[in-house]
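Novice: Going by my numbering, the sequence shown runs without a break in its numbering and finishes at 1361. No residue lacks a Cβ here, since even glycine has one placed at the ideal position from N, Cα and C. All values derive from a computational prediction rather than experimental measurement.
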Amino acid sequence: MKKAASMFSGSSDSAAVFVSKSRMLVISAGFALFSVLGLWILLAQKIPIVEPAQGILWPKGGLSRVVVMREGIVESLMVKEGGLARVRQPLIVVRHRMIPKEEVEELKYQESVLKERLNYVQESIDRRKEGGLAADLELMRLEDQLLHSQVANREALVAIRDKSSTVLYAPRRGRVIEIRTTVGAEVQPNQAVATIVDEAPDLEVLAYVTPEVASRLNVGGVAKVNWVGAEGRNAVAPGTISKVSSLPVSPKDVDRSIVLEKPHFEVLIAMTDREAIDTIGSASPGKAVRVEFQIDDKSLFEWMFSRFSVN
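#1: What do you get for residue 1367, buried or exposed, if any count of 16 or more other CB atoms within 10 angstroms of its CB means buried?
#2: Rounded to the nearest angstrom, what separates residue 1342 and residue 1256 at their Cα positions?
#3: Pop quiz: residue 1269 and residue 1293 are said to be a contact at Cβ under 8 Å. What is the actual Cβ separation, rounded to whole angstroms?
#4: Between the C-alpha atoms of residue 1171 and residue 1275, what's the straight-line distance to the nearest angstrom?
#5: For residue 1102, which of helix, strand or coil comes out of DSSP?
#6: Can you tell me whether residue 1215 is helix, strand or coil according to DSSP?
#7: Relative to the C-alpha of residue 1160, which residue among 1120, 1134, 1142 is closest?
#8: Report the CB separation of residue 1110 from residue 1252 in whole angstroms; it is logged as a contact under 8 Å.
#9: I'd like the ranges of any beta strand (DSSP E) spanning at least 3 consecutive residues and lying wholly in the segment 1234 to 1288.
#10: According to DSSP, what are the bridge partners of residue 1142?
#11: How should residue 1335 be labelled, buried or exposed, when 16 other C-beta atoms within 10 angstroms of its C-beta is the threshold for buried?
#12: Per DSSP, what are the beta-bridge partners of residue 1319 in this structure?
#13: Between which two residues does the beta strand (DSSP E) harbouring residue 1114 extend?
#14: Is the segment 1130 to 1143 touching the segment 1218 to 1229 in the sense that three or more CB pairs, one from each, lie closer than 8 Å?
#15: Would you decide whether residue 1104 is buried or exposed? Buried here means 16 or more other CB atoms lie within 10 Å of its CB.
#16: Using only the alpha-carbon positions, how far apart do residue 1315 and residue 1123 sit?
#17: Can you give the Cα-Cα distance for residue 1241 and residue 1169, rounded to whole angstroms?
#18: Give the DSSP-derived three-state secondary structure of residue 1075 in the structure shown.
#19: By alpha-carbon positions, which one of 1312, 1248, 1156 ends up nearest to residue 1362?
#20: Helix, strand or coil, according to DSSP, for residue 1107 in the structure here?
#21: Using three-state DSSP, classify residue 1342 as helix, strand or coil.
#22: Would you identify the three-state DSSP class for residue 1309, choosing helix, strand or coil?
#23: Shortest alpha-carbon distance to residue 1307 belongs to which of 1101, 1082, 1098, 1107?
#24: I'd like to check one pair, residue 1288 with residue 1260: are the Cβ atoms closer than 7 Å?
#25: Out of curiosity, what's the CA-to-CA distance linking residue 1278 and residue 1284?
#26: Specify, as a first and last residue, the run of the beta strand (DSSP E) that residue 1133 falls within.
#27: What three-state label does DSSP hand residue 1304 in the structure shown?
#28: Do residue 1215 and residue 1143 have their CB atoms nearer than 7 Å?
#29: Using a threshold of 7 Å, state whether the C-beta atoms of residue 1229 and residue 1267 are closer than that.
#30: When you compare each of 1155, 1156, 1338 to residue 1258 by their alpha carbons, which one comes out closest?
#31: Under 7 Å between the Cβ atoms of residue 1099 and residue 1345?
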């Protein structure tokens, strides 16, 4: 009797162990299935593919840089940062050393070269106006080059007449948003010392992208603009692509704050949230920004496949 009871008890224990193991197997299988399904959902979700680009906050009326043609020392500043300037208003006086006779002859030669450049730029503008197909931005750049050539030509003449100093004039009417020098500071040839824009410019962003990225951008597309705002805070503002250039620009033809090694395409971006920009602050014309374009969206499956296919 006791032996039979012992056998019954042993079989009950075995059945309990079997049930426990079966339950654990079911739980483990359910957990594994849940994990696989969760991983599948995760890998199948689309993620944005973002391409960064260099850019600059650009006033719609353009901006003009006041550039030093000869090395020297700043003798006086005749305008304050934030002040208004009229066309041909004296801005900065740069004192030079006395010019030897041979350097005067060199300046005369430079004057003749500048006149040839001035004629070339004017002819280019006339051709584009007659064709009626030029982009407004390209025409604006050429006109800006014309102004700079006129100012440079005048500076060369002043330097020949007055061998000891050069007066830098405002090439346009507008607000002086930046002065990059101080009295007593040394300046070098081709150094930008001041920036002038319209009195109350509307800002847009001028970005530079590679040909591959340009081919995937469309007018109306969304962009995100990043820059360092007030008190060092990272500022972000949305934008909408308003124009993609049809031809690339050379690295030497872009703004001095942009560093490119190869020709890039220009992309104009309209700032869609001006109130947010004003709230953040430090969104001044000529400020360097980082632009992010969403050029595609892919699942992790597609992304990993593209990475392996490239390798």
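Specialist: Looking at the atomic coordinates:
#1: Shown here, the chain extends from 1051 to 1361; a query on residue 1367 therefore has no answer.
#2: Straight-line Cα distance between these residues: approximately 12 Å.
#3: So it is a contact: roughly 7 Å between Cβ atoms.
#4: Rounded to whole angstroms, residue 1171 to residue 1275 spans 33 Å at the Cα level.
#5: Three-state DSSP puts residue 1102 in a strand.
#6: Residue 1215 falls in the strand class under three-state DSSP.
#7: Closest in C-alpha terms to residue 1160, from the list 1120, 1134, 1142, comes 1120.
#8: Right, their Cβ atoms sit about 5 Å apart.
#9: Qualifying beta strand (DSSP E) stretches, in chain order: 1242 to 1247, 1253 to 1259, 1272 to 1278.
#10: Paired residue(s): 1127, 1218.
#11: Buried is the call here.
#12: Beta-bridge annotation (DSSP): residue 1319 is paired with 1255, 1291.
#13: Here the beta strand (DSSP E) through residue 1114 covers 1114 to 1117.
#14: The segment 1218 to 1229 is in contact with the segment 1130 to 1143.
#15: Classification for residue 1104: buried.
#16: Residue 1123 has its alpha-carbon roughly 38 Å from the corresponding atom of residue 1315.
#17: Going by C-alpha positions, residue 1241 is about 24 Å away from residue 1169.
#18: Residue 1075 falls in the helix class under three-state DSSP.
#19: The shown model of the chain, from 1051 to 1361, leaves out residue 1362, and the question about it has no answer.
#20: Residue state for residue 1107 is assigned as strand, using DSSP reduced to three classes.
#21: In this structure, DSSP gives residue 1342 an extended state, which the three-state scheme calls strand.
#22: Correct three-state label for residue 1309: coil.
#23: It is 1107 whose Cα lies nearest to the Cα of residue 1307.
#24: Taking 7 Å as the Cβ cut-off, residue 1260 and residue 1288 do not qualify as a contacting pair.
#25: The alpha-carbon of residue 1278 is positioned some 5 Å away from that of residue 1284.
#26: No beta strand (DSSP E) holds residue 1133; DSSP gives it neither H nor E.
#27: In the structure shown, residue 1304 adopts coil according to DSSP, grouped into three states.
#28: Yes. Within cutoff.
#29: Not a contact, by the Cβ cut-off of 7 Å.
#30: Measuring from the Cα of residue 1258, the nearest candidate turns out to be 1338.
#31: Yes, the pair counts as a contact, with Cβ atoms nearer than the cut-off.
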